[in-house]
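Novice:
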Amino acid sequence: ELSQRMPDEPYAGLPWTDLDSLYSAIFDDVLETASSLDSVSVYVLKTEQEYSIEFLSKHMPNIQILEFQNSSLNEQIRFSFETLFAKQYEQIVLLLEPNPLTTKQHLQTAFELLQYDDDAIVVGQNGNGNYYLIGLKSNHTDLFETDGQLDTLSKQFDLLERVCENEIMIFP
């Protein structure tokens, strides 16, 4: 139950402790969902400041940690894909945000779509155009190079333009 500070305000806010608890619960649910898939390895990308070992310890048998320095979203995505392709994974699906509406079926569908073509990308977008899921079967990390400009994901169509330029099949 949310209480409004002033009766005429159109919104109510949560205290930071409640927001933290809510985020942790959502994150836990997404990790459980991803861990429930057969033949899937789950990695969490984190900086030193994010997700303490104690927080992740309850999932440790099922997940592995990739540590990186604080950087842009594009650099994080490139690092993730490059690292996991170097570990010889054949299909990689990145969840860019812990959305509580992500189901096991969503993740299975993403992996199934990657089976159709070696040069394919699976993208999931929210209603506001932000990407929440990106999957690749081949190492196309060049899609996330930044040429010193804004990140590829900062504008809704930049990634899709790069995908089309490289003639990669898109599965939304």
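Heads up: the sequence shown is residues 22 to 193, going by my numbering. Just so it is clear, CB atoms sit at the ideal spot from N, CA and C, and this is done for glycine as well. Just so it is clear, the structure is predicted and the values come from calculations on it, not from any experiment.
So, under 8 Å CB-CB, G145 and L134 are touching, yes? Tell me the CB distance rounded to an integer number of Å.
Specialist: Rounded, the Cβ-Cβ distance is 11 Å, inconsistent with contact.
Novice: Cα separation between F193 and L35?
Specialist: In the sequence as presented, Phe is not what sits at residue 193; that position holds Pro. Using only the alpha carbons, I get a separation of about 33 Å.
Novice: Tell me where the beta strand (DSSP E) around Q85 begins and ends.
Specialist: Note, Q85: beta strand (DSSP E), I84 to E88.
Novice: Could you give the residue range of the beta strand (DSSP E) that holds V114?
Specialist: Unbroken beta strand (DSSP E) run through V114: I113 to L116.
Novice: Indicate the three-state DSSP secondary structure (helix, strand or coil) for K67 in the structure shown.
Specialist: Here K67 sits in strand by DSSP.
Novice: Check whether the Cβ atoms of K125 and L180 sit closer than 8 Å, and answer yes or no.
Specialist: Cβ distance not < 8 Å, so K125 and L180 don't count as in contact.
Novice: Taking all protein chains shown into account, do 16 or more other C-beta atoms lie within 10 angstroms of the C-beta of A46, making it buried, or fewer, making it exposed?
Specialist: Exposed, by the Cβ-count rule.
Novice: Quick one: grab the DSSP three-state call for Y137.
Specialist: Reduced to three states, the DSSP call for Y137 is coil.
Novice: Report yes if the C-beta distance between G148 and V114 is below 8 Å; otherwise report no.
Specialist: Contact: no.
Novice: Is it buried or exposed, A55, if we count other Cβ atoms within 10 angstroms and call 16 or more buried?
Specialist: The residue is buried, with at least 16 neighbouring Cβ atoms inside 10 Å.
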